[in-house]
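Input: a single structure, listed below in structure tokens.
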Amino acid sequence: MTLFRQLQIFVTIMLLAVLGIVLQINFNDTKEYVRNQLYTNAKNTANSLSLSMSPFMDDLSIMQTMINAMFDGGYFEEITLIKQDGTIAYSKSENIAVEGVPQLFIDMVKLEAPVAEAAVSGGWNIYGTLKVKVHLGHSYLRLWETFKQLCIWFVVLGGLASLASYFILKLILFSLDAIKAQAEAVGNNEFIINERVPKTPELRQVVLAINAMVQKVQTIYNREVETLQKYQELQYRDAQTGLFNRKYFIKQFSNFIASNDERSKGEVILFSFEGLEKVHQISGFQVVQQLYDFTSATMKECTSGKLYSFVSCLNSNDFVITMPASDAEESTLCTKIIYSKIKDFVDANREFSGHAEFAAGIVSYNETDSISSVLTKADYALSAAKNSVEPHFDHFKDDGTKLILGKLEWKKMIESALSDQRFMLTSQPVVSEIGELHQEIFINMIDLQGQIQRAGYFMPMVIKLSLANDVDQYVLRHATDFLEKNQNITLAVNVSNDFLKDRESFTWFRKFLSAVRHLNERLVFEIPDEAIGKNFDICLDFSGLLKGTGFKFGIDRFVMNETSVKYLHLLKPDYIKIEQDYLLDIENNGDAGVALNAFLTITESLGIKLIATKIENDEQKAVLESRQIKYFQGRGIADVSPLGDKK
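Mapping of the sequence shown onto full-length UniProt numbering: position 256 corresponds to residue 256, and the numbering continues sequentially without gaps.
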């Protein structure tokens, strides 16, 4: 029971008790007044009648007539004339019958009819005594009417008092409600400052103390975010262009190839400039910087709508565009656009005329490639481009014997796999010292030859053919079917960026959550980190939908980029999955330690679990455990196996 209700009940009881006591006193006073009035009326009647009867003491019939007349003209229960010797000369009485008053009221309110006496005498002669007993019916009727009025006033005043106390307590406790909301926000790792400081000294002190604590936590959080961003800039940003550097390209591209999902296939475009040193010597660095800025902006613009794509600067002359889940048609179109814009820029500035030249080499990659082989192919294509006629770009042609499927063949194969239930789910657990947190689901396809193909083989074409929504729905339905049949297991399902962006799928997903709400403790969802930067508003709506229905969600493949870290406190995922090589920077343990400590502070302040993935051996796990990381996933922990197999 809330404090407001407790106070409201207490105040109401006290008000009703006081009001009841006041009304009881009022009723008792009225009762006493009626009792006194009864006696006074009886006494006056006895005195008046005895005086009237005194002249006729010798004539009993006249006295009887007088008694009858008085009795019939008033409210009397009994009038008795008693002689001097004690015998009753005459008595007139009537049984009490009170009409219009409940019997329960009569039983509860006891009234005794007073008896008044007066002597009947003439001179020195005393005839006897006259006794008059008043009828109680009129008195009970009067008390009943008074009681009803008091009850009405009791209800009215009680209601008004309760209503007044409600609003008064609301006004008094308004500041307390704000304190409660702020305390709940702190418990949910939200930074809320209470701007309305109450005037009540005790509450004022509490608000100021909580505000100070929140500001301190906010300051620590902001400082750690800034530290992490500076680390990212130092480690993974090129100072001249603001693009990702060679180190980031090598790390991220290596992860793409080994990802076993749609990122393991794609395109790489290598742009190379020549003669910039000469331009620098003649026209100065500012002119070259203008070219860097224009080139960076143009490449970013071309890749802004492509998930997972990023631009890197390898050195002062070479730029690389990485386009996962893309094909040769897309990379060629992107290269044409960038090449044309850069050429127009160079031709429009005479400082570059006759000195600066540039070319581009394009190469496709897949999960079987290595970073060195891809760069070698890109260099080969670049050399061919430089020796070709305008435009100077070339796509490396692999003369291997792999079977190349067209879009129609891919579409038929994927749709038949969906209809024939040839997609197979596998899983890999996330574990800690206290046990298994959940099992992450992966999807594989059994092709027409019966071979199991991992996601990296078919997911790029699934996305290209706009079939990602169908595949995601397939995984979700089969995951929930599995959970219905298997208790004590929690599954984590990845939701693709295409699924998030599609309105029809989002509507379907909303209905799906309502249907499986009873599984909200054993079904969690993951969104890719790349989706946050590309579609933050959609991701925010998605997280709100999940939290509103009681489901948990996490961020997969987190790379600590500026956008993701910036919006963590708004998304507030339950966990973050980050590959271990981002946590363990072998080349610079000191800087990585600072960044890791900052990141741990951020996640702990937001109540987010940190899961290290791609753990390959016990040594990596031990190092991360020493840095207070508690959750792990990878082949060094447990291999991927068919869903339902014993780990």
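Just so you know, even glycine gets a beta-carbon here, dropped at the ideal spot from N, CA and C.
Query raised in the report: What is the rounded straight-line gap between the Cα of I210 and the Cα of F174?
Result: Numbered from its first residue, the sequence shown carries residue 210 at position 210. Numbered from its first residue, the sequence shown carries residue 174 at position 174. Distance between the alpha carbons of I210 and F174 is about 16 angstroms.
Query raised in the report: Taking DSSP as the reference, what is the three-state secondary structure of L403?
Result: As a working mapping, residue 403 is identified with position 403 in the sequence shown. Residue placement at L403 cannot be trusted, given a pLDDT of 47 that sits under 50; the coordinates are not used to answer.
Report task. Can you grab the Cα-Cα spacing for the pair T426 / F482, in whole Å? Result -> Mapped onto the sequence shown, residue 426 falls at position 426. Mapped onto the sequence shown, residue 482 falls at position 482. When rounded, the distance between both Cα atoms is 12 angstroms.
Query raised in the report: How is E357 classed by DSSP in three states: helix, strand or coil?
Result: Here residue 357 is taken as the residue at index 357 of the sequence shown, counted from 1. Here E357 sits in strand by DSSP.
**Report entry** residue 676 to G137 span [Cα, whole Å]
**Finding:** The structure shown does not extend to residue 676, since the chain is modelled only from 1 to 647, so the question has no answer here.
Query - Own chain partners of S162 with C-beta closer than 6 angstroms, once the 5 adjacent residues on each side are dropped - result: Taking the sequence shown and counting its residues from 1, one reaches residue 162 at position 162. Counting only Cβ-Cβ distances below 6 angstroms, and skipping sequence neighbours, we find T12.
Requested in this report: Mark A359 as exposed unless 16 or more other C-beta atoms lie within 10 angstroms of its C-beta, in which case mark it buried.
Outcome: If you number the sequence shown from 1, residue 359 lands on position 359. It is buried - the Cβ of A359 has at least 16 other Cβ atoms within 10 Å.
Query raised in the report: With 16 as the cutoff for other CB atoms within 10 Å, does H518 come out buried or exposed?
Result: As a working mapping, residue 518 is identified with position 518 in the sequence shown. By the neighbour-count rule (16 or more Cβ atoms within 10 Å), H518 is not buried but exposed.
Query raised in the report: Per DSSP, which one or two residues make a beta bridge with G266?
Result: By one-based count along the sequence shown, residue 266 stands at place 266. DSSP, once it has assigned bridges, lists P324, Y365 as partnering G266.
**Report entry** DSSP three-state assignment for P642, whether helix, strand or coil
**Finding:** To locate residue 642, count along the sequence shown from 1; it is residue 642. In the structure shown, P642 falls within a strand segment according to DSSP collapsed to helix, strand and coil.
Query raised in the report: Using the rule of at least 16 other Cβ atoms within 10 Å of the residue's Cβ for burial, across every protein chain shown, is D369 buried or exposed?
Result: In the sequence shown, the residue the question calls residue 369 occupies position 369. Residue burial is scored here from C-beta neighbours: D369 has at least 16 other C-beta atoms within 10 angstroms and is therefore classed as buried.
Query raised in the report: Mapping DSSP to helix, strand and coil, what is M445?
Result: For the purposes of this step, residue 445 is identified with residue 445 of the sequence shown, where counting begins at 1. Three-state DSSP puts M445 in a strand.
Query raised in the report: Does the segment 488-508 touch the segment 273-282, meaning 3 or more C-beta pairs lie closer than 8 angstroms?
Result: These segments do not touch.
Requested in this report: Indicate the three-state DSSP secondary structure (helix, strand or coil) for H478 in the structure shown.
Outcome: Numbered from 1 along the sequence shown, position 478 holds the residue referred to as residue 478. Looking at H478 - three-state DSSP - the assignment turns out to be helix.
Query raised in the report: Within 10 angstroms of its Cβ, does I9 collect 16 or more other Cβ (buried), or is it exposed?
Result: Within the sequence shown, numbered from 1, the residue matching residue 9 stands at position 9. I9 should be labelled exposed.
Report task. Starting from the N-terminal side, write out each stretch of the alpha helix (DSSP H) that is 4 residues or longer and does not extend beyond the segment 486-544. Result -> Runs of the alpha helix (DSSP H) inside the segment 486-544: 497-501, 503-515, 529-534.
Query raised in the report: Would the beta-carbon of F393 fall within 8 angstroms of that of T335?
Result: Position 393 of the sequence shown, counted from the start, is the residue given in the question as residue 393. Position 335 of the sequence shown, counted from the start, is the residue given in the question as residue 335. Yes. Within cutoff.
Query raised in the report: Sorted by chain position, which residues of the same chain lie with C-beta nearer than 8 angstroms to I88's C-beta, five sequence neighbours on each side aside?
Result: Here the question's residue 88 lines up with position 88 in the sequence shown. Excluding residues within five positions, the ones whose Cβ falls inside 8 angstroms are T80, L81, I82.
Query raised in the report: For the alpha helix (DSSP H) that contains T65, what are its first and last residues?
Result: Mapped onto the sequence shown, residue 65 falls at position 65. Annotation for T65: the continuous alpha helix (DSSP H) segment containing it runs 60-72.
Requested in this report: In the DSSP assignment, find the beta strand (DSSP E) that holds V311 and state where it starts and stops.
Outcome: Position 311 of the sequence shown, counted from the start, is the residue given in the question as residue 311. For V311, the enclosing beta strand (DSSP E) begins and ends at 310-313.
Query raised in the report: Under a three-way DSSP split, which group does L15 fall into?
Result: By 1-based counting over the sequence shown, the position of residue 15 is 15. In this structure, L15 counts as helix in the three-state DSSP scheme.
Query raised in the report: Does the beta-carbon of L476 have 16 or more other beta-carbons within 10 angstroms, so that it is buried, or is it exposed?
Result: Here residue 476 refers to the residue found at position 476 of the sequence shown. Buried is the call here.
**Report entry** Unbroken stretches of the beta strand (DSSP E), 3 residues or longer, contained in the segment 548-618
**Finding:** 552-556, 575-579, 609-613
Query raised in the report: Would K133 be called buried (16 or more neighbouring beta carbons within 10 Å of its own) or exposed?
Result: Translated into the one-based positions of the sequence shown, residue 133 becomes position 133. Around the beta carbon of K133, 16 or more other beta carbons sit within 10 angstroms, so the residue counts as buried.
**Report entry** is_contact[V287, chain B] using C-beta, thresh 8 angstroms
**Finding:** No chain B is part of this structure, which consists of one protein chain only.
Requested in this report: State whether the segment 335-348 contacts the segment 558-568, with contact taken as three or more CB pairs (one from each stretch) at a distance under 8 angstroms.
Outcome: no
Report task. Go to Y90, then tell me how far its beta strand (DSSP E) extends in each direction, as first and last residue. Result -> In the sequence shown, the residue the question calls residue 90 occupies position 90. Note, Y90: beta strand (DSSP E), 88-93.
Query raised in the report: From the DSSP output, which residues share a beta bridge with N260?
Result: Here the question's residue 260 lines up with position 260 in the sequence shown. Looking at the DSSP assignment, N260 forms no beta bridge with any residue, so it has no partner.
Report task. Compute the distance between the beta-carbons of V311 and L243, then report whether it is under 8 angstroms. Result -> As a first step, residue 311 must be located in the sequence shown, where it is residue number 311. As a first step, residue 243 must be located in the sequence shown, where it is residue number 243. Closer than 8 angstroms, so yes.
**Report entry** Whole-angstrom C-beta distance between V197 and V207, which should lie under 8 angstroms
**Finding:** As a working mapping, residue 207 is identified with position 207 in the sequence shown. As a working mapping, residue 197 is identified with position 197 in the sequence shown. So it is a contact: roughly 5 angstroms between Cβ atoms.
Query raised in the report: So what's K83 in DSSP terms, helix, strand or just coil?
Result: Residue mapping note: residue 83 aligns to position 83 of the sequence shown, counting from 1. Strand, per DSSP.
**Report entry** Delimiting residues of the beta strand (DSSP E) encompassing T426
**Finding:** Here residue 426 is taken as the residue at index 426 of the sequence shown, counted from 1. T426 -> beta strand (DSSP E) spans 423-432.
Requested in this report: Please report how far the alpha carbon of Q580 lies from the alpha carbon of S432, in whole angstroms.
Outcome: Here residue 580 refers to the residue found at position 580 when the sequence shown is read from its first residue. Here residue 432 refers to the residue found at position 432 when the sequence shown is read from its first residue. For Q580 and S432, the distance between alpha carbons rounds to 15 angstroms.
Query raised in the report: Per DSSP, G435 forms a beta bridge with which residues?
Result: Counted from its first residue, the sequence shown places residue 435 at position 435. According to DSSP, G435 bridges with S432.
Requested in this report: Might you give, ordered along the chain, the residues of its own chain that have their beta carbon closer than 8 angstroms to the beta carbon of K402, omitting 5 neighbours on each side?
Outcome: Counting from one through the sequence shown, the residue named residue 402 turns up at place 402. Since pLDDT at K402 reaches only 46, below the 50 mark, its modelled position is unreliable, and no value is offered.
Report task. Take M445 as the anchor and find which of K216, K199, D261 has the nearest alpha-carbon. Result -> In the sequence shown, residue 445 corresponds to position 445, counting from 1. That would be D261, whose Cα lies nearest to the Cα of M445.
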